[in-house]
Amino acid sequence: MRGYFIDLDDVASVREWSVTIYNHLASRNMPLTTDTSQFWPIDALETFRLWVNQGWRINEGSPFDPANRIPPPDLPQQVKRVRPDIRSLSAGEIDVYRAKLDDVMQIGDPDSGSPWQRCAYVHTNWCLHYQEAFALWHRAYLLYLEELIDHAIPFWDWMAEDASVDGSPQAGIPQPFLDETYIHPVTGEKRPNPLRYAAAKDGNSKLCAIGKMSGPDCRFVQRNPLFYTSSETDREERTKLYAMARIFQQQVVDALKFDTFSTPQGFPGYPWANIPEFDPPQPDDLYPYREVNFDGLFEQPHDNYHGWLGPDMGDNAYTAFDPLFSSYHANIDRMLEVWIRNHPDAQFTTQTPLQPFLGPGAREVSFSTADHWRYTSLGQMAQDSRRIGYEYGEPVARQFQGVTSLPKARRTSASESILERGPWVVFDGVRCTHDSYVIDVFINFPEPTQRDAAWGNKHYVGRFSRIGMGVVDDKGRCITHGVSRVLNAGPSIRALELQQFDEPQISFIVSHLDSGRVLTAEEYQALPGFIPKLIWGDPRQTVVSRTRNSGGCCMQ
């Protein structure tokens, strides 16, 4: 502390700085030791505060000089809603939630104009997956639904320790989603349970839409029928189904161990997957970033649980019509919150709009405004949930903690893991430009056009953006030696089943960002760092040739 002109061995110095010392300790801006996770206990802080307010007495003979030098600490900020474990609710509390879905959302009405159909279609038409915004877009969706019903969404705790054990009260889906009826708390009517009998998408469950079955009433959402069984007849099959959940739980535990949240929004190649349907357990190779960061692995158990639950929950176009989706995703969000609170300094692409939600609390939607600043941003959702206005109640059951540690290969840093994948398209000698450009890169795809730069094209590697300064660099502000930038060509190389000995060819087009005009070879050859080269090893260890390609289309 002497570096800040505070001598903790000198009473006069501590007295002079006591209020500042207290405020930094109380706000947890100053750790107790060199271990940044250790802070002063509340009792010790209160003792220090009283010592200051009594007049900094040195011993029993010191006189009292009482004054309110340090007021009591701020009380915890109140939150608008607390999302409880659905298994912690009384029958009456569950019926209040059911009534909200019935009365406000008209959950059993398949008409396209019903609030439930309109809300679920927001997910069908707008949801984001397989990128940085995945969990945070769904956070906004839950907040929007809560605003509509003016009620907290209870979470389904599928991370309970014994949730994978048949016969456990935590196994399967919670009883409130299985009941046939409920009693409306205001009218006293016995009604169909909306947590079970919710109108499916357009009044036709995925189960019947694909012609798999005609027995169930497909006006309502359908789940795996084993969840509704308890007899010995189904025990073997049910036990296998429930046991599969342990795989998903372990994936969540492993995801929470990463220190990096996700590959940044807009990273070339993102979204890196598009998996509309889920067949658990999902193969690891569908998730190329599962060994890199939290989100890269977290989406795998997310998808697994969706497919595990059955027909409607197993398809992105149908899933939000099942009220189980809301409670399931509340627990996805609870696990996200665990990661966020354990990583308060995490970095996010803060300005990305999470359409169609509006404002910092995602309480409204707009489907057509071009004013992106009005939309809820990724950064607004990537905060501690208490700042957004909600909190989670304690789970009823003990939580699954995992059975094994992360494999050694998963303990490398995110950057090291990414760089092991490759191969890479490397741009060397990158320096400042006056104008802004985009470079679209392809593998084994001669003479590409701008229309070919689409993620469905397996030849398409990705886009490298060059944002210009807009002015002439006449003051020497730009670096002169240039730097290297890379695109991951691995997904395209693997999709095309190519090897290094195949000598894959690179082609690319350079477009002016403002006008969209495609540059000629002569034009882009005059610009610094616009010629890519394919590198199979670690690009950090490779010196890339600066020889320009005279043909302007392909490099070996």
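Under this note's numbering, think of the first position of the sequence shown as 1325, with each following residue one higher.
The beta-carbon is built from N, C-alpha and C at its ideal position, and this holds for glycine as well.
1. Please name the residue, chosen from LEU1702, ALA1686, PHE1681 and ARG1818, that lies closest to THR1693 on a Cα-to-Cα basis.
2. Taking C-beta to C-beta, are SER1789 and PHE1751 nearer than 8 Å?
3. Does DSSP put ASN1449 in a helix, in a strand, or in coil?
4. State the Cα-Cα distance for the pair PHE1915 and THR1505, rounded to the nearest angstrom.
5. So the candidates are GLN1575, ALA1644, MET1637 and PRO1605; which of them puts its Cα closest to the Cα of LEU1621?
6. Which residues in the same chain as LEU1550 place their Cβ atom closer than 7 Å to its Cβ, once the five residues preceding and following it in sequence are excluded?
7. Looking at the structure shown, is ILE1359 part of a helix, part of a strand, or coil, going by DSSP?
8. Hey, would you say MET1429 sits closer than 8 Å to MET1659, going by beta carbons?
9. Verify whether the separation of the beta carbon atoms of TRP1440 and ALA1523 is less than 8 Å.
10. Suppose the cutoff is 7 Å on Cβ atoms and the five residues either side in sequence are ignored; what does the same chain contact list for ILE1431 look like?
11. Given GLN1725, which residues of its chain have a CB within under 8 Å of its CB, disregarding the five upstream and five downstream residues?
12. In this structure, does DSSP put THR1505 in helix, strand or coil?
13. Please check the pair GLY1753 and GLY1853, which I expect to be a contact at CB under 8 Å, by giving their CB distance rounded to whole angstroms.
14. Excluding the 5 residues preceding and the 5 following ASP1359 in the sequence, name in chain order all residues of the same chain whose CB lies nearer than 8 Å to its CB.
15. Just curious, the alpha helix (DSSP H) that LEU1473 is in, first and last residue?
16. Is it buried or exposed for ARG1711, if we count other Cβ within 10 angstroms and need 16 for buried?
17. CA-CA distance, ALA1819 and GLY1634?
18. Could you tell me the alpha carbon to alpha carbon distance between SER1488 and HIS1783, rounded to whole angstroms?
19. Let's test the definition: count the other Cβ atoms within 10 Å of the Cβ of LEU1811 and tell me whether it reaches 16, buried, or not, exposed.
20. Just mark ARG1626 as buried or exposed, buried being the case when its beta carbon has 16 or more other beta carbons within 10 Å.
21. Just confirm the distance between the C-beta atoms of CYS1542 and SER1529, as a whole number of angstroms; I'd bet it's less than 8 Å.
22. Suppose you measure from the CA of VAL1868 to the CA of ASP1619; what does that come to, to the nearest Å?
23. Note down, in chain order, each residue of its chain lying with its Cβ closer than 7 Å to the Cβ of LEU1452, except the 5 sequence neighbours on either side.
24. What is the DSSP secondary structure of GLY1527, reduced to helix, strand or coil?
25. With burial defined as no fewer than 16 other Cβ atoms inside 10 Å of the residue's Cβ, what is the status of ASN1392: buried or exposed?
26. So VAL1785 packs on ALA1813, CB below 8 Å; how close in whole Å?
27. Given a threshold of 16 other Cβ atoms within 10 Å of its Cβ, counted over all protein chains shown, does ASN1347 qualify as buried or as exposed?
28. Please return the same chain residues whose Cβ sits closer than 6 Å to the Cβ of ALA1299, not counting the five positions on each side in sequence.
29. Can you name the start and end residues of the beta strand (DSSP E) that TRP1748 belongs to?
30. Check whether chain D comes within 8 Å of VAL1489, counting only Cβ atoms and requiring the distance to be less than that.
31. Compare the Cα-Cα distances from GLN1829 to each of GLU1771, ILE1345, ARG1787 and GLY1780 and report the closest residue.
32. For my contact list, THR1357 and ALA1641 are in at a C-beta cut-off of 8 Å; report their separation, rounded to the angstrom.
33. Could you tell me the distance, in whole angstroms, from the CA atom of HIS1667 to the CA atom of SER1342?
34. Are there 16 or more other CB atoms within 10 angstroms of the CB of PRO1365, so buried, or fewer, so exposed?
35. Measuring only the C-alpha atoms, how far is VAL1420 from PRO1478?
So, from the listed chains and residues:
1. Each of LEU1702, ALA1686, PHE1681 and ARG1818 was checked against the Cα of THR1693, and the nearest Cα belongs to PHE1681.
2. Contact flag unset, no.
3. ASN1449: helix per DSSP, three-state reduction.
4. Nothing in the structure corresponds to residue 1915, since the chain is present only between 1325 and 1880.
5. When GLN1575, ALA1644, MET1637 and PRO1605 are compared, the shortest CA-CA separation from LEU1621 is found for GLN1575.
6. Around LEU1550: ASP1558, GLU1561, ARG1562 and LEU1565.
7. One detail in the question is off: residue 1359 reads as Asp in this sequence, not Ile. Coil at ASP1359, not helix or strand.
8. Taking 8 Å as the Cβ cut-off, MET1429 and MET1659 do not qualify as a contacting pair.
9. Taking 8 Å as the Cβ cut-off, TRP1440 and ALA1523 qualify as a contacting pair.
10. Contacts found: LEU1425, TRP1440, PRO1518, ALA1522, ALA1523 and PRO1647.
11. Closer than 8 Å at Cβ, skipping near neighbours: GLU1485 and VAL1577.
12. The answer is strand: DSSP assigns THR1505 an E or B state.
13. GLY1753 to GLY1853, Cβ: 4 Å. Contact.
14. For ASP1359, where only same-chain residues beyond five positions count, there are no Cβ hits under 8 Å.
15. Looking at the sequence provided, one finds Ile at residue 1473 rather than Leu. Here the alpha helix (DSSP H) through ILE1473 covers 1458-1473.
16. Taking a 10 Å sphere around the C-beta of ARG1711, we find fewer than 16 other C-beta atoms and assign the residue as exposed.
17. Rounded to whole angstroms, ALA1819 to GLY1634 spans 30 Å at the Cα level.
18. Going by the C-alpha atoms only, they are around 42 Å apart.
19. Buried: at least 16 other Cβ atoms inside 10 Å.
20. Here residue 1626 turns out to be His, not Arg, going by the sequence shown. Its Cβ being crowded by 16 or more others within 10 Å, HIS1626 is buried.
21. Approximately 4 Å separates the beta-carbon atoms of CYS1542 and SER1529; this is inside 8 Å, confirming the contact.
22. With a pLDDT of only 35 at VAL1868, under the threshold of 50, the placement of this residue in the model should not be trusted; the figure read from the coordinates follows. If you take the alpha carbons of VAL1868 and ASP1619, they lie about 32 Å apart.
23. Counting only Cβ-Cβ distances below 7 Å, and skipping sequence neighbours, we find PHE1458 and TRP1461.
24. Correct three-state label for GLY1527: helix.
25. Flag for ASN1392 reads exposed.
26. Confirmed, about 5 Å.
27. When all chains shown are included, ASN1347 counts as exposed.
28. There is simply no residue 1299 to check, as the chain begins at 1325 and stops at 1880 in what is shown.
29. TRP1748: member of the beta strand (DSSP E) spanning 1748-1754, first to last residue.
30. No chain D is part of this structure, which consists of one protein chain only.
31. Looking only at GLU1771, ILE1345, ARG1787 and GLY1780, the smallest Cα-Cα distance to GLN1829 is reached by GLU1771.
32. About 53 Å separates the two Cβ atoms, so there is no contact after all.
33. Straight-line Cα distance between these residues: approximately 30 Å.
34. Classification of PRO1365: exposed, given that the 10 Å Cβ count is below 16.
35. Taking C-alpha positions only, VAL1420 is separated from PRO1478 by approximately 12 Å.
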